[in-house]
Amino acid sequence: MDSSEQDSNLRQPEGAGGASRPSQYNASDLKVLEGLEHVRTRPGMYIGSTNSRGLHHLVYEIVDNSVDEALAGYATKIEVEILPENGIRVTDDGRGIPVDIVPGEGKSGVEVVMTKLNAGGKFGGGGYSVSGGLHGVGISVVNALSTKMEVEVERGGWLWEQTYIDHKPLEPLKKVKEVPEGETGTRVTFYADPKIFKETTDYSFDIIRQRLQQTAFLNPGLSISLKDEREEGGAQEASFLYEGGLSDYVAHLCDSDSMPPLFPDVIALKAEDKPLGISLDIALTWTGKYGTVLKTFANTIETVDGGTHEEGFKAAITSTLNRYARDKGLLKAADENLSGEDVREGLVAVVSVKLVNPQFEGQTKGKLGNSEAKAFVQKVVNDKFYAWLDSHPAAGKLIVGKAADAYKARIAARKAREASRKKSLLESATTPDKLKDCAYKNPDLCELFIVEGNSAGGSAVSGRDQKFQAILPLRGKILNTEKATTEKMVRSETIETLIASIGAGSGPSFDVSKARYHKVIVMADADVDGAHIATLLLTLFFRYMRPLIEAGYVYIAMPPLYRIRWTKGPDSFAFSDAQRDQRIKEGQEEGRKLRSENAIQRYKGLGEMDAQELWETTMDPSKRLLKKVCMGDAEFADATFAMLMGEAVEPRREFIEAEAKSVKFIDA
Ligand code: 0RA
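All letters in the sequence shown, in the order written, are residues 0 to 667 by numbering that gives the first Met the number 0.
Structural data, given as structure tokens:
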């Protein structure tokens, strides 16, 4: 505001600037009210939310001002009270908010602080350079969101007081009484507006207690107390004073989770770079537990999403511990490096940075963005953590030992995982339950029939020659799963059973010399579904057991389509319509006669055949028809499979229709 404006304000006559304007307000007051009104229309912008979280945020806003006064070196004690009717009172023994008229504002420092958003700059910034405040706001925001607020200041030998109702002062700041000259401090009392905090205006003693305890850890030497004076509150009290700061915090974190540290001292690392405007405070230890507790702060605000300081810390403890372990011969040359996760197993640490210009990022501003923080933390930890380890060899050995245990456990777990995978897929010692194996063991003599459908599977088991023929019934439903990826198929129980039955593994480690059968025969219905299943199986062989096809071990059984019954002599079978006509012609030329009833039977599926028929027509090596699968077939199946499983519907439908026709014409 320039001086001419200020002058006109000072000389402001009643009703200046328009008849409708309330006489006690000038232009600057209107601006102030607009500011506070904005806080009320968009409270989320200032305190995050208007639920219980936002409500508690009001308390922190006031307390943080008192903490700033402690950081500036003046306040030593903060008292917080929860009052009846859900009022909050915060009292500190700092310098007291300035009571004099602020030049250029025309009102007391107290009123400026209470009504101007971002009033910080009005006071020369002394002692407020490293200030928290999540959204850079303060008392005025709390005032804007309160129905009533009282400020009491002891300063310069007087107690001063001012009351606000609906964020407007009842009267100017007023001298109440004389107090001893050296007695200074600020007391702020407020009542949150239920019109803003519609969900609740009820404070939680525990939530406030936790936060105040954390504040006490972060500000060593500062005494903080909390009293619940609500009738329902049951007169709860708590008070905190930690001389050890973050080291006490780490000890407390270990304690409250009953995790005894591996060694007695908490490691404390501190550093400051004044020209860079950054300071760092770290405390850490290790316990025997497996989890990690890592809390990070920037300007005493918890950075729940970490950020640059956390990245720097993690990177540096990992590299420093590896360097130390190598230097001291605690890791062998052949050992892999300890990973970050290995190093952090059992770690309990608090990292707090303070910087002049903190950049809070992310949706909830819970992440520090300053890149200089990462470099600074890394450098400090690299130097000071190493030095600490060097001067505490027993603890150093315990820390490396703990991380090495984590490393070994990680490797062992990986091996166990790989072994169990191998066992289930490749080396399953026992043959699967579903497999009805044959008696012979010589793979050259042995055949495996993969049979679609349970009833056909039953006939195949009864009709087979058990000496050399094994049966694996598959439930077609599983294989038919639309859009199943081959990966999914391989992981399915059915396919696992198939892989285990063949006994030679799958994928890159497939070993054809271990195949337990040199004839693996797909036996499916001669219809669309059967063709589909054959396609799926061939795809599987092509992708995961290609050498089995290359060796010529894969076949497709060709069940006949027709049975021709004569009045005398054995029945004839035909594998196509043309062949059916051919057989009938040949028989009649030989003088045979078709039976009068059901002379030409069309098989609709394998399930229609009884065990004897299945043996005679499809399984008996002296009569059956097998089609050896070559690489071209399998490649075609693979492409077909991709098409069948793809997104395009039209080519799939066309294929199924065409296949339905072509299947009928498979020629013997
Ligand atoms: C502005 C300037 C100064 C102190 C404060 C505000 C102040 C605010 C609060 C809020 C709660 N407790 C507080 N204590 C101090 C600096 C005053 C000076 O330079 O003497």
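C-beta atoms are modelled at their ideal positions from N, C-alpha and C, and glycine is treated no differently.
- Measure the beta-carbon distance from L217 to V379 and round it to whole angstroms, keeping in mind my assumption that it falls under 8 Å. Position 218 of the sequence shown, counting from 1, holds the residue named residue 217. Position 380 of the sequence shown, counting from 1, holds the residue named residue 379. At roughly 18 Å, the Cβ-Cβ gap does not stay under 8 Å, so L217 and V379 are not in contact.
- Message: Under 8 Å, with one C-beta from each stretch per pair, do the segment 458-472 and the segment 525-545 reach the 3-pair mark?
- Response: Taking a cut-off of 8 Å for Cβ pairs, the segment 458-472 and the segment 525-545 do not touch, as fewer than three such pairs fall below it.
- If you drop the 5 nearest sequence neighbours on each side, which residues of the same chain put their C-beta closer than 6 Å to that of C445? For the purposes of this step, residue 445 is taken as the residue at position 446 of the sequence shown. Correct list, in chain order: C437, Y439, F467 and Y516.
- Query: Near E646, which residues of its chain fall below 6 Å by C-beta distance, leaving aside the five closest residues on each side in sequence?
  - Reply: Taking the sequence shown and counting its residues from 1, one reaches residue 646 at position 647. Below a pLDDT of 50, predicted positions are generally treated as unreliable, and E646, at 48, falls in that range; the measurement from the model is reported next regardless. Correct list: empty, nothing qualifies.
- Item | Other residues of its chain near A270: CB distance less than 8 Å, five sequence neighbours each side excluded | In the sequence shown, counting from the first residue as 1, residue 270 sits at position 271. Once the five neighbours on either side are set aside, the close Cβ partners of A270 are S278, L279, F375, V379 and K383.
- Query: Helix, strand or coil: how does DSSP classify V519 here?
  - Reply: Sequence index remark: in the sequence shown, residue 519 carries index 520 (1-based). Three-state DSSP puts V519 in a strand.
- Message: So for E104, helix, strand or coil by DSSP?
- Response: The residue given as residue 104 occupies position 105 in the sequence shown. Shown here, E104 sits in coil according to DSSP, grouped into three states, outside any helix or strand.
- Task: Run the proximity test for P97: is its beta-carbon closer than 7 Å to any non-hydrogen atom belonging to the ligand 0RA?
- Result: Position 98 of the sequence shown, counted from the first residue, corresponds to residue 97. Relative to the non-hydrogen atoms of the ligand 0RA, the Cβ of P97 comes within a distance shorter than 7 Å of at least one.
- Task: Within 10 angstroms of the Cβ of Y289, are there 16 or more other Cβ atoms? Answer buried if so, exposed if not.
- Result: In the sequence shown, counting from the first residue as 1, residue 289 sits at position 290. Classification for Y289: exposed.
- Neighbourhood of H56 by C-beta, 7 Å cutoff - its chain only, sequence neighbours within 5 removed: For the purposes of this step, residue 56 is taken as the residue at position 57 of the sequence shown. Same-chain partners within the cutoff: I46 and G47.
- Quick one: is A577 buried, meaning 16 or more other Cβ sit within 10 Å of its Cβ, or exposed? In the sequence shown, the residue the question calls residue 577 occupies position 578. A577 is exposed by the Cβ-count criterion.
- Could you give the uninterrupted runs of the beta strand (DSSP E) lying entirely in the segment 519-584, keeping only those of 3 residues or more? Entirely contained in the segment 519-584, the beta strand (DSSP E) runs reaching 3 residues are, in chain order, 553-556, 561-563 and 571-573.
- Query: Which partner residues does Q468 have in the DSSP bridge list?
  - Reply: Stepping through the sequence shown from its first residue, residue 468 is reached at position 469. Q468 pairs with E446.
- Could you give the distance in angstroms between the alpha-carbon of V460 and the alpha-carbon of Y552? Here residue 460 refers to the residue found at position 461 when the sequence shown is read from its first residue. Here residue 552 refers to the residue found at position 553 when the sequence shown is read from its first residue. Cα to Cα, V460 sits roughly 21 Å from Y552.
- Task: Would you mind sorting T616 into buried or exposed? The rule is 16 or more other CB atoms within 10 Å of its CB.
- Result: In the sequence shown, the residue the question calls residue 616 occupies position 617. So T616 ends up on the buried side.
- For S500, which option in S390, K513 and G506 has the closest C-alpha, if you only look at C-alpha atoms? Within the sequence shown, the letter at position 501 stands for residue 500. Put simply, of S390, K513 and G506 the residue whose alpha carbon is nearest the alpha carbon of S500 is K513.
- Message: Restricting to Cα atoms, I'd like to know which of P260, T299, P274 and L268 is closest to V718.
- Response: Nothing can be reported for residue 718: it is not among the residues displayed for the chain, which extend from 0 to 667.
- Message: Give me the residue from K364, S65 and N85 with the minimum Cα distance to I714.
- Response: With the chain represented from 0 up to 667, any question about residue 714 goes unanswered, as that position is not in the structure.
- Item | Buried or exposed by the 16-neighbour rule on C-beta atoms within 10 Å, applied to F393 | Counted from its first residue, the sequence shown places residue 393 at position 394. Per the sequence shown, residue 393 should be read as Ala rather than Phe. Exposed, since its Cβ has fewer than 16 Cβ neighbours within 10 Å.
- With contact counted as at least three CB pairs below 8 Å, one residue from each stretch, are the segment 197-211 and the segment 221-239 in contact? Yes: the two stretches touch, three or more of their Cβ pairs being nearer than 8 Å.
- the segment 89-106 contacting the segment 179-186, beta-carbon criterion three pairs below 8 Å: As far as the Cβ criterion goes, the segment 89-106 touches the segment 179-186, which means the pair count is three or higher.
- Query: According to DSSP, which residues form a beta bridge with W159?
  - Reply: As a working note, residue 159 is residue 160 in the sequence shown. V152 and K174.
- Query: Excluding sequence positions up to five away, which residues of its chain have a Cβ less than 6 Å from the Cβ of G126?
  - Reply: Translated into the one-based positions of the sequence shown, residue 126 becomes position 127. Below a pLDDT of 50, predicted positions are generally treated as unreliable, and G126, at 38, falls in that range; the measurement from the model is reported next regardless. A71, listed in sequence order.
- Under the three-state reduction of DSSP, which class applies to S238: helix, strand or coil? Reading the sequence shown from its first residue, position 239 is the one you call residue 238. Here DSSP, grouped into helix, strand and coil, assigns S238 to strand.
- Query: Which of the three DSSP states, helix, strand or coil, is assigned to Q358?
  - Reply: Position 359 of the sequence shown, counted from the start, is the residue given in the question as residue 358. It is coil, neither helix nor strand.
- P97 versus K294, Q161 and R591, residue with shortest Cα-Cα distance: One-based indexing of the sequence shown puts residue 97 at position 98. Ranking K294, Q161 and R591 by Cα distance to P97 puts Q161 first.
- Message: For the ligand ZN, is there any heavy atom lying closer than 7 Å to the beta carbon of G93?
- Response: Here the bound small molecules are the ligand 0RA; the ligand ZN is not part of this structure.
- Message: Would the segment 238-253 count as touching the segment 327-342 if we require 3 or more Cβ pairs under 8 Å?
- Response: Verdict: no, contact absent.
- Query: Measuring CB to CB, does M618 end up less than 8 Å from R463?
  - Reply: Residue numbering aside, residue 618 sits at position 619 when the sequence shown is read from its first letter. Residue numbering aside, residue 463 sits at position 464 when the sequence shown is read from its first letter. In this structure, R463 lies closer than 8 Å to M618 by Cβ.
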